[in-house]
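Numbering (this note's numbering), first residue to last: 104 to 301. See structure below.
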């Protein structure tokens, strides 16, 4: 494992997820169920989603280097535009179906897993994780950094709750994340040009 790749994945994924539907869906789940099963279910869903994204990115890296860096640049550029445009929008909120009162640990964890697993498909953090896995030949490091960032976000949502959501400067966080995505898009574009001219 490479610490710089772990840190890069963590730093890129964390600000993307803070103002995302993930935080707010986890907050809603934590108001309906005990915190620990929600955290276990959400953390497991994130682990599986990150593994899928890393696998997709690793498969992408089997393509010619210039094509991979070009696709990665495009992924990050699209992510930057989406984040910048959504900076002034309100927090995303998912409605949950009728949930049972006082469910077992396993049932609460399973419901939490299902809600978050479905919500994360095609999410910006998943695209960023795939892009990082394609860019670096360190799938375990990318997995560790991205999953750690997602666990931090879900832990904050579960254990600090609504107090945190009310204090987050969502527009600023989205703009910072857009800036990070743009930096990665530029780096990948430079790498594409270098590969094509080499």
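C-beta: ideal position from N, C-alpha, C; glycine also.
Within its chain, find whatever has a CB closer than 6 Å to the CB of residue 164; leave out the 5 residues flanking it on each side and keep chain order.
Residue 164 sits at position 61 when you count from the first residue of the chain shown. Around residue 164: 171 and 237.
Exposed or buried, residue 250, counting other C-beta atoms within 10 Å across all chains shown (16 or more means buried)?
Your numbering for residue 250 matches position 147 in the chain shown. So residue 250 ends up on the buried side.
How should residue 208 be labelled, buried or exposed, when 16 other C-beta atoms within 10 angstroms of its C-beta is the threshold for buried?
Here the question's residue 208 lines up with position 105 in the chain shown. Counting the other CB atoms within 10 Å of its CB gives residue 208 a total below 16, which places it among the exposed residues.
Same chain only: Cβ atoms within 6 Å of residue 147, ignoring 5 sequence neighbours per side:
On the chain shown, position 44 is the one that residue 147 refers to. Closer than 6 Å at the Cβ level, and outside the excluded window around residue 147, lie 216.
If contacts are defined as beta-carbon pairs under 8 Å, then residue 221 and residue 140 qualify, I think. What distance do you get, rounded to the angstrom?
Within the chain shown, numbered from 1, the residue matching residue 221 stands at position 118. Within the chain shown, numbered from 1, the residue matching residue 140 stands at position 37. In fact, because the Cβ distance is near 18 Å, the residues do not count as touching under 8 Å.
Indicate whether residue 253 and residue 149 have their beta-carbon atoms separated by less than 7 Å.
Mapped onto the chain shown, residue 253 falls at position 150. Mapped onto the chain shown, residue 149 falls at position 46. Closer than 7 Å, so yes.
Closest to residue 105 by C-alpha separation, out of 240, 115 and 145, would be which residue?
Residue numbering aside, residue 105 sits at position 2 when the chain shown is read from its first letter. The shortest C-alpha separation from residue 105 is found at 240.
Do you know how far the Cα of residue 167 is from the Cα of residue 177?
Counting from one through the chain shown, the residue named residue 177 turns up at place 74. Counting from one through the chain shown, the residue named residue 167 turns up at place 64. Using only the alpha carbons, I get a separation of about 16 Å.
Residue 125 vs residue 261 beta-carbon contact at 7 Å
As a first step, residue 125 is located in the chain shown; it is residue number 22 there, counting from the start. As a first step, residue 261 is located in the chain shown; it is residue number 158 there, counting from the start. No, Cβ-Cβ distance for residue 125 and residue 261 is not below 7 Å.
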